[in-house]
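In what follows, a single structure is set out as structure tokens and then discussed.
Number of protein chains: 2
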Amino acid sequence: MNANAATQSRPATCNGVDVDALFGTIQAIKQDPAIAEFRFRATNRWLGGDSNLTTVTGFYGARQEQVHARPFEMECGEPPVLLGRDAGANPVEFLLNALIGCLTTTMVFHAAARNIAIEAVDSELEGDIDLRGFLGISRDVRKGYREVRVKMRVKSKGSPAVLRELAQYSPVFDVVSRALPVNVEVETT
Amino acid sequence: MNANAATQSRPATCNGVDVDALFGTIQAIKQDPAIAEFRFRATNRWLGGDSNLTTVTGFYGARQEQVHARPFEMECGEPPVLLGRDAGANPVEFLLNALIGCLTTTMVFHAAARNIAIEAVDSELEGDIDLRGFLGISRDVRKGYREVRVKMRVKSKGSPAVLRELAQYSPVFDVVSRALPVNVEVETT
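Chains as they are written, first to last, in this note's numbering: chain P, 27 to 215; chain Z, 27 to 215.
Spelled out as structure tokens, the structure:
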């Protein structure tokens, strides 16, 4: 985000994001890059069979320990066809959530910094896995997703190409797209 | 998993996993690899600012559409230091959940197939991100995690080296470890 684009005339908030605070953060980081060093953490406990529970309580960032408003719990399960009791989304579905959640937040924040108003974002995504990799049936088959496709429908006057470019600052997109093809389509209405 | 290792004397369940069903699945896939083709899906709606909601209702696998027992919802947020209202774990924390949930389930299932009893698994993990990448302050800084470290404490008579190897059949580990160094330590008690 280019803080030089900031002017006194920009709105204080855009897309529900405090733009003044955002540019303030960017300026602070430029003066002290250590502020940008974050360490996210989680703990997990196996609950038996296909079920396990992750808890997130805090992280390190902006030069100090940070505590979330409340602990966040995430329960992983597996559906019956994968021999589970379906008590929660499975880990590869949680990966899709991480990806689309990150693309959405990233698009919204970067658009706010450029004063591009967004009224709505609705997305769908899907990923293909051949479970012969996971099961160890074939060494030639990769264990994880081989491809993920994302469609984002954005209610905005912004250009689809620009919005797509902004979304791809996403940290989770960075991770997943280094590992496999992630096709992101952005359509505006 | 090696179905040839199956014997009539193996227990019907191990680690809460139906081992007969597991070997049945493996045999079925060997005869018809199309059974192993899965397509996982999610939808997401932006809720304003830092908040968005993913819903997972079903997927395709084992040659048919599959519906979860109930829809699973996952709400992403951001903490105040990242300009959010902290209504949910943030996407990079959800990525840690996907990773440790998948490593845990994978270890437990593969151990069950080898009749390695596991009594407990407790894990912690952390990942390092320099937010200058996400913010577009520096092109030389990667946007996502640069490293993730995982510690799994397993109550089992299995060998830590074998349990670690089994965990690494994990589909989410496959994705993340193709993108960045993921150091997995397994300790048994």
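Even glycine gets a Cβ: it sits at the ideal position worked out from N, Cα and C.
Pick from the options that is closest to residue i, judged by C-alpha positions
i: proline 97 of chain P; options: Z:Ala115, Z:His94, Z:Gly103, Z:Thr81; result: Z:Ala115
i: alanine 95 of chain Z; options: Z:Gly84, Z:Pro105, Z:Cys102, Z:Gly103; result: Z:Gly84
i: asparagine 209 of chain Z; options: Z:Asp154, Z:Val167, Z:Lys181; result: Z:Asp154
i: phenylalanine 160 of chain P; options: Z:Cys40, Z:Ile55, Z:Leu122; result: Z:Ile55
i: alanine 124 of chain Z; options: P:Val43, P:Val82, P:Arg190; result: P:Val82
i: valine 147 of chain Z; options: Z:Lys177, Z:Val188, Z:Gln53, Z:Ser77; result: Z:Lys177
i: valine 174 of chain Z; options: Z:Leu192, Z:Ser196, Z:Ser203, Z:Glu191; result: Z:Ser203
i: asparagine 141 of chain P; options: P:Lys183, P:Thr214, P:Arg158; result: P:Lys183
i: leucine 48 of chain Z; options: P:Gly50, P:Leu109, P:Ser77; result: P:Leu109
i: glutamine 57 of chain Z; options: Z:Phe66, Z:Val43, Z:Arg71, Z:Ala88; result: Z:Ala88
i: tyrosine 195 of chain P; options: Z:Asp76, Z:Ala68, Z:Arg158; result: Z:Arg158
i: glutamate 145 of chain P; options: Z:Arg71, Z:Val93, Z:Leu122, Z:Gln53; result: Z:Arg71
Three-state class that DSSP yields for residue i in the structure shown
i: threonine 215 of chain Z; result: coil
i: alanine 113 of chain Z; result: coil
i: valine 82 of chain Z; result: strand
i: alanine 38 of chain Z; result: coil
i: alanine 32 of chain Z; result: At alanine 32 of chain Z the pLDDT is 47, less than 50, meaning the model places this residue with poor confidence; the figure from the coordinates comes in the next sentence. Note: alanine 32 of chain Z maps to coil in three-state DSSP.
i: asparagine 209 of chain Z; result: strand
Segment limits, alpha helix (DSSP H) that includes residue i
i: aspartate 200 of chain P; result: 197-205
i: glutamate 119 of chain Z; result: 117-139
i: arginine 190 of chain P; result: 186-193
Whole-angstrom distance between residue j and residue i, CA atom to CA atom
i: alanine 29 of chain Z; j: alanine 60 of chain P; result: Residue placement at alanine 29 of chain Z cannot be trusted, given a pLDDT of 49 that sits under 50; the coordinates are not used to answer.
i: proline 117 of chain P; j: leucine 151 of chain P; result: 15 Å
i: valine 212 of chain P; j: serine 164 of chain P; result: 35 Å
i: alanine 62 of chain Z; j: glycine 162 of chain P; result: 12 Å
i: alanine 137 of chain Z; j: leucine 79 of chain P; result: 19 Å
i: leucine 206 of chain Z; j: isoleucine 126 of chain Z; result: 15 Å
i: cysteine 40 of chain Z; j: alanine 143 of chain Z; result: 6 Å
i: lysine 169 of chain P; j: glutamate 104 of chain P; result: 16 Å
i: alanine 32 of chain P; j: cysteine 102 of chain Z; result: Note on alanine 32 of chain P: pLDDT 47, under 50, position unreliable in the model; the coordinate value appears next. If I take the Cα positions, the gap works out to 28 Å.
i: leucine 129 of chain Z; j: lysine 181 of chain Z; result: 15 Å
i: serine 185 of chain Z; j: glutamate 91 of chain P; result: 35 Å
i: glycine 42 of chain Z; j: proline 106 of chain P; result: 13 Å
i: phenylalanine 120 of chain Z; j: proline 197 of chain Z; result: 15 Å
i: methionine 100 of chain P; j: arginine 65 of chain Z; result: 22 Å
i: arginine 172 of chain P; j: arginine 36 of chain Z; result: 34 Å
i: aspartate 44 of chain P; j: alanine 113 of chain P; result: 37 Å
i: valine 201 of chain Z; j: serine 149 of chain Z; result: 19 Å
i: phenylalanine 135 of chain Z; j: leucine 192 of chain P; result: 40 Å
i: serine 77 of chain P; j: threonine 214 of chain P; result: 39 Å
i: threonine 69 of chain P; j: arginine 179 of chain P; result: 34 Å
i: aspartate 46 of chain Z; j: alanine 38 of chain Z; result: 6 Å
Unbroken beta strand (DSSP E) run spanning residue i, endpoints
i: valine 176 of chain Z; result: 173-182
i: valine 45 of chain P; result: Per DSSP, valine 45 of chain P belongs to no beta strand (DSSP E); it is in the alpha helix (DSSP H), 45-57.
i: aspartate 148 of chain Z; result: 144-156
i: arginine 168 of chain P; result: Segment: none, arginine 168 of chain P is in no beta strand (DSSP E) and carries neither H nor E.
i: glutamate 99 of chain P; result: 90-102
i: leucine 108 of chain Z; result: Note, leucine 108 of chain Z: premise wrong, no beta strand (DSSP E); not H, not E.
i: glycine 74 of chain Z; result: 63-74
Within chain Z, the residues that residue i reaches when beta carbons sit closer than 8 Å
i: isoleucine 52 of chain P; result: Leu161, Ile163
i: threonine 80 of chain P; result: Leu122, Asn123, Ile126, Gly127
i: asparagine 41 of chain P; result: Gly74, Gly75
i: arginine 2 of chain P; result: Limits of chain P in this structure are 27 at one end and 215 at the other, which puts residue 2 of chain P out of reach.
Under 7 Å by beta carbon: chain Z residues contacting residue i
i: glycine 170 of chain P; result: Pro197, Val198, Asp200, Val201
i: proline 186 of chain P; result: None at all; the shortest Cβ gap to chain Z is about 16 Å.
i: valine 107 of chain P; result: Gly87, Ala88, Gln92
i: lysine 56 of chain P; result: Ile163
i: leucine 48 of chain P; result: Leu109
i: alanine 95 of chain P; result: Asp112
Partner residues on chain P for residue i, Cβ-Cβ distance less than 8 Å
i: valine 118 of chain Z; result: Phe66, Ala124, Cys128, Pro197, Val198
i: phenylalanine 98 of chain Z; result: Gly114, Ala115, Glu119
i: aspartate 44 of chain Z; result: Leu109
Contacts that residue i makes with chain P (C-beta to C-beta distance below 7 Å)
i: alanine 146 of chain Z; result: Trp72
i: aspartate 156 of chain Z; result: Ala62, Glu63
i: proline 59 of chain Z; result: Arg158
i: threonine 131 of chain Z; result: Asp76, Asn78, Cys102, Glu104, Pro117
Contacts that residue i makes with chain P (C-beta to C-beta distance below 9 Å)
i: alanine 69 of chain Z; result: Inspection of the sequence shows that residue 69 of chain Z is occupied by threonine rather than by alanine. Here the neighbours are Ile126, Asp148, Ser149, Glu150, Leu151.
Where residue i meets chain Z, residues with beta-carbon distance less than 9 Å
i: arginine 179 of chain P; result: None at all; the shortest Cβ gap to chain Z is about 10 Å.
i: arginine 140 of chain P; result: Those do not exist, as arginine 140 of chain P stays about 11 Å from chain Z at its closest Cβ, beyond 9 Å.
i: valine 134 of chain P; result: Trp72, Gly74, Gly75, Asp76, Asn78
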